[in-house]
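Residue numbers (this note's numbering): 1491 to 1850. Cβ atoms here follow ideal geometry from the backbone N, Cα and C, with glycine treated the same way. Okay, so here's the structure we're looking at.
Encoded structure:
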């Protein structure tokens, strides 16, 4: 017995009366919340009104979940339509099985719809989301740990993973014999943990490079895609769960390579500075303040709500954006210490315009 082995939970579902509380769902929800908070702060620093991220989330999340499940079912059809498969289980999302590329495709469609409604370039959303999405993925991967799934090949490494035999007659619980949960005889690579750690590294890399180079036009998101797929390819090789293969190699490895190349081409071919936005009806120039005036005292409380919650945005240079903030054309910047560092407050110097509390 390896005393340093990583144990696995024996339970992945709890019940509050008739209501099942599933660890997999909780991990996904926590990941979504973390990503939304991170993206929200990055959007504010680019001039987007407060909590516009929620307008995107209500479209992107449902589309992303549907896309993720469809991708999983298409790439693992044997579980549902093969010999002994049960087609109705294709809808049992709580049992696990979400494909990241389906989530990205579906989420992108939902985000595009939201961006059209808000009047905001999709690339602004994408670049704000770039370091937040891998954080959500890292948290979501813990759901695989609770489900005793997505582990890798047998290993003798000290951090090998203990895996329980799950009870098909009691979903969400390990098989128990003589009062003890049944554990597989070998230890396995914790592939889910490798990916979670890799994703956190990707988030840090994208955040640092974007802070230094101020990527725009979707290049920060392309950087995330490149970094993520580089890790996903080698992690896929470790996994032993059933999957479609091509020439003996898991299909997801080829998918990761193709998407990496596409993102790399986009990153190199597309150029442009970080995109800052202001309301579409903002004046063409930002007048300089009166000498010795205190811009922090500019009264925006009585201004038209359309100014605070724009119907659409226009992209401007960083210099023009800062001039708008400096001269009071945009609402005064919030104090820097009002933005929690834990949700990306140091991504930029100043946040963007605020949304009125009673805005629907």
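C-alpha distance - residue i paired with residue j, whole-angstrom precision
i	j	result
residue 1758	residue 1710	12 Å
residue 1605	residue 1802	9 Å
residue 1506	residue 1577	28 Å
residue 1550	residue 1583	17 Å
residue 1499	residue 1510	17 Å
residue 1809	residue 1565	47 Å
residue 1773	residue 1804	11 Å
residue 1545	residue 1599	14 Å
residue 1542	residue 1581	31 Å
residue 1721	residue 1688	7 Å
residue 1540	residue 1587	34 Å
residue 1668	residue 1654	15 Å
residue 1570	residue 1535	45 Å
residue 1733	residue 1813	54 Å
residue 1646	residue 1738	25 Å
residue 1504	residue 1740	34 Å
residue 1800	residue 1620	24 Å
residue 1701	residue 1644	40 Å
residue 1854	residue 1659	The structure shown does not extend to residue 1854, since the chain is modelled only from 1491 to 1850, so the question has no answer here.
residue 1502	residue 1676	21 Å
residue 1531	residue 1745	32 Å
residue 1719	residue 1593	14 Å
residue 1555	residue 1751	25 Å
residue 1743	residue 1608	36 Å
residue 1770	residue 1815	15 Å
residue 1512	residue 1603	30 Å
residue 1661	residue 1723	31 Å
Residue range of the beta strand (DSSP E) that includes residue i
i	result
residue 1510	1509-1512
residue 1506	1503-1506
residue 1766	1766-1769
residue 1803	1803-1806
Neighbourhood of residue i by C-beta distance below 6 Å, restricted to the same chain and skipping five residues each side
i	result
residue 1753	1712, 1715, 1716
residue 1642	1678, 1679, 1681, 1728, 1729
residue 1547	1526
residue 1657	1663, 1665
residue 1706	1762, 1763, 1764, 1765
residue 1806	1766, 1768
residue 1627	1689
residue 1697	1621
residue 1640	1634, 1681, 1682
residue 1789	Summary for residue 1789: the model assigns pLDDT 40, below 50, so the residue's position carries little reliability; its value from the coordinates is reported in the next sentence. For residue 1789, where only same-chain residues beyond five positions count, there are no Cβ hits under 6 Å.
residue 1495	1650, 1652, 1677
Range of the contiguous alpha helix (DSSP H) that encloses residue i
i	result
residue 1715	1709-1728
residue 1756	1741-1759
residue 1653	Here residue 1653 belongs to no alpha helix (DSSP H), and DSSP marks it neither H nor E.
residue 1552	1542-1565
residue 1590	1590-1608
residue 1687	1681-1703
residue 1578	Careful: residue 1578 lies outside any alpha helix (DSSP H) and carries neither H nor E.
residue 1861	In the structure displayed, the chain extends from 1491 to 1850; residue 1861 sits before or after that span and is not available.
residue 1731	Careful: residue 1731 lies outside any alpha helix (DSSP H) and carries neither H nor E.
residue 1613	1612-1619
residue 1569	1568-1571
Cβ shell of residue i (< 8 Å), same chain only, five flanking positions each side left out
i	result
residue 1517	1629, 1630, 1631, 1632, 1633, 1636
residue 1497	1652
residue 1760	1707, 1708, 1709, 1712
residue 1508	none
residue 1625	1521, 1524, 1525, 1528, 1689, 1690, 1693
residue 1533	1542, 1543, 1614, 1615, 1618, 1842
residue 1736	1744
residue 1515	1584, 1633
Supposed contact pair residue j and residue i - C-beta distance, whole angstroms, cut 8 Å
i	j	result
residue 1538	residue 1767	6 Å
residue 1725	residue 1685	5 Å
residue 1618	residue 1529	5 Å
residue 1557	residue 1597	7 Å
residue 1591	residue 1749	7 Å
Residues near residue i in its chain [Cβ-Cβ closer than 7 Å; skip 5 each side]
i	result
residue 1616	1708, 1711
residue 1704	1763, 1764
residue 1441	Any question about residue 1441 goes unanswered here, given that the chain covers just 1491 to 1850.
residue 1811	1537, 1766, 1768
residue 1638	1498, 1653, 1654, 1656
residue 1553	1596, 1597, 1599, 1600
residue 1568	1575, 1732
residue 1623	1525, 1714
Cβ-heavy atom distance, residue i to the ligand FAD, below 7 Å
i	result
residue 1631	This structure lacks the ligand FAD; in fact it carries no ligand of any kind.
Inspect the CB distances between the stretch 1647-1656 and the stretch 1609-1627 and report whether three or more fall short of 8 Å. no
Taking one C-beta from the stretch 1691-1706 and one from the stretch 1548-1562 each time, how about it: are there three or more such pairs within less than 8 Å? no
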